[in-house]
Amino acid sequence: MDLSVVIPCYNEQESLRETHKRVKTACEAAPVNSYEIIFINDGSRDDTAWIMDELHTQDKNTVIVDLSRNYGHQIALSAGLQQAQGDYIFVIDADLQDPPELLTSMLERARMPDGPDVVYGQREKRKGETAFKLFTSRAFYKVLSWLSDIPIPEDVGDFRLMKRRVLDAFLAMPEHQRFIRGMIAWIGFKQEAFLYTRDPRFAGVTKYPFHKLLQFALDAISGFSIKPLRVSILFAMIGIAIACLMALVAVWAHFADRSSTVDGWASLACLISFFASMQLICLGVIGEYVGRTYMEVKNRPLYVLNKVLRH
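Numbering-wise, the working numbering puts 80 at position 78 of the sequence shown, and it's gapless, one number per residue.
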């Protein structure tokens with residue numbers, strides 16, 4: 003098998019047929035002899051599963067991976083990658099914000115002499131997205147870049163083409179809390195950016211509301227850096243230094259003017275509240291890492307399959 007196209011789907015009934023049409027056209031135009039289009043149903047509640055079965059019946063190159071429930075985008079994508087048999091793997095979402103027509107250009111770059119093992123799409127422009135989404139996205143990548151122990155490219159999603167040896171290395175990573183673009187960056191090998199303009203969604207609404215984006219950001223940061231734990235230690239050291247300084251000032255004031263009364267209760271209360279809040283933040287950071295460890299040591303499978311349909 004020359005090429006596997008992996009497409010995770012959750013409630014994508016409005017765009018699924020168009021996605022299949024455009025991806026199939028892109029595969030037919032690409033310089034490959036054989037290909038497969040893998041759709042993953044991540045516990046959709048609309049007619050996505052029914053449409054997938056229809057596409058599988060009509061197209062011998064279509065593979066259906068049906069999960070037992072909704073596990074989330076990153077786990078669904080992992081399930082599809084597990085089923086991929088191609089020498090090259092092309093990852094794209096079903097909303098058509100990332101143009102499947104770029105497949106040939108990305109494949110040609112990967113096949114160049116000394117070509118990269120990963121060609122990742124880097125958004126040069128983003129159409130149809132709100133100012134809030136653009137701001138939070140940029141802020142996320144800036145914070146992640148500062149905290150991460152490995153370089154993770156900015157404004158890059160899961161849209162990419164990679165060679166088989168990269169996928170094999172990825173499949174050997176068993177962790178449950180997944181940030182796939184970071185995991186692939188951690189693997190190494192030669193990786194290059196492919197600049198493109200991201201389109202608006204073809205249909206439907208985003209499947210990443212704010213609370214899911216926040217959880218995604220926490221998974222990314224805690225999965226690729228222990229700097230938040232070190233920042234907690236820094237906060238503690240600053241707090242100790244301030245406490246020692248205040249103790250010295252209090253001792254000096256006591257001996258300098260024994261008749262002085264104790265005042266400044268408001269500032270004292272503010273300081274106590276501030277440091278108590280810092281302690282709660284630090285406990286929250288520690289709890290996030292402990293929680294991740296707990297999820298990993300349970301050693302449950304990443305997902306449960308309902309069925310896999312191949313021709």
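We put the beta carbon where it would ideally sit given N, CA and C, even for glycine.
Whole-angstrom C-beta distance between residue j and residue i, which should lie under 8 angstroms
| i | j | result |
| --- | --- | --- |
| residue 172 | residue 186 | 6 angstroms |
| residue 307 | residue 69 | 6 angstroms |
| residue 51 | residue 43 | 5 angstroms |
| residue 119 | residue 167 | 7 angstroms |
Close Cβ partners of residue i (< 7 angstroms) along its chain, the five nearest in sequence each way excluded
| i | result |
| --- | --- |
| residue 195 | 122, 124, 155 |
| residue 40 | 6, 7, 8, 9, 65, 67, 82, 85, 86 |
| residue 298 | 177, 178 |
| residue 162 | 93, 120, 121, 122, 123 |
| residue 314 | Any property of residue 314 remains undetermined from this structure, which presents the chain solely from 3 to 313. |
| residue 48 | 13, 15 |
Proximity of residue i and residue j at Cβ, strictly below 8 angstroms
| i | j | result |
| --- | --- | --- |
| residue 7 | residue 29 | yes |
| residue 78 | residue 10 | yes |
| residue 14 | residue 112 | no |
| residue 127 | residue 21 | no |
| residue 313 | residue 62 | yes |
| residue 46 | residue 180 | no |
| residue 3 | residue 88 | yes |
| residue 201 | residue 76 | no |
| residue 291 | residue 73 | no |
Residue i versus residue j - alpha carbon distance
| i | j | result |
| --- | --- | --- |
| residue 286 | residue 244 | 22 angstroms |
| residue 24 | residue 114 | 25 angstroms |
| residue 140 | residue 90 | 30 angstroms |
| residue 314 | residue 55 | Examination of residue 314 is not possible in this model, given that the chain is present from 3 through 313 alone. |
| residue 37 | residue 53 | 20 angstroms |
| residue 303 | residue 293 | 17 angstroms |
| residue 158 | residue 116 | 23 angstroms |
| residue 12 | residue 160 | 16 angstroms |
| residue 101 | residue 26 | 12 angstroms |
| residue 107 | residue 192 | 17 angstroms |
| residue 277 | residue 104 | 52 angstroms |
| residue 254 | residue 240 | 21 angstroms |
| residue 170 | residue 189 | 10 angstroms |
| residue 60 | residue 289 | 49 angstroms |
| residue 250 | residue 283 | 27 angstroms |
| residue 300 | residue 152 | 27 angstroms |
| residue 246 | residue 295 | 35 angstroms |
| residue 110 | residue 174 | 27 angstroms |
Same chain, Cβ closer than 8 angstroms to residue i, five either side skipped, listed in chain order
| i | result |
| --- | --- |
| residue 274 | none |
| residue 71 | 45, 306 |
is_contact[residue i, chain D] using C-beta, thresh 8 angstroms
| i | result |
| --- | --- |
| residue 55 | This model lacks chain D altogether, as it is built from one protein chain only. |
Sequence-distant residues of its chain with Cβ nearer than 6 angstroms to residue i (five each side left out)
| i | result |
| --- | --- |
| residue 310 | 67 |
| residue 34 | 4, 5 |
Which runs of the alpha helix (DSSP H) spanning at least 4 residues fall entirely within the stretch 154-178, listed in chain order?
166-173
Of all the alpha helix (DSSP H) runs that stay within the bounds of the stretch 80-124, which reach a length of 4 or more residues?
105-112
What are the uninterrupted segments assigned as alpha helix (DSSP H) that are 4 or more residues long and contained completely in the stretch 36-62, given in chain order?
50-60
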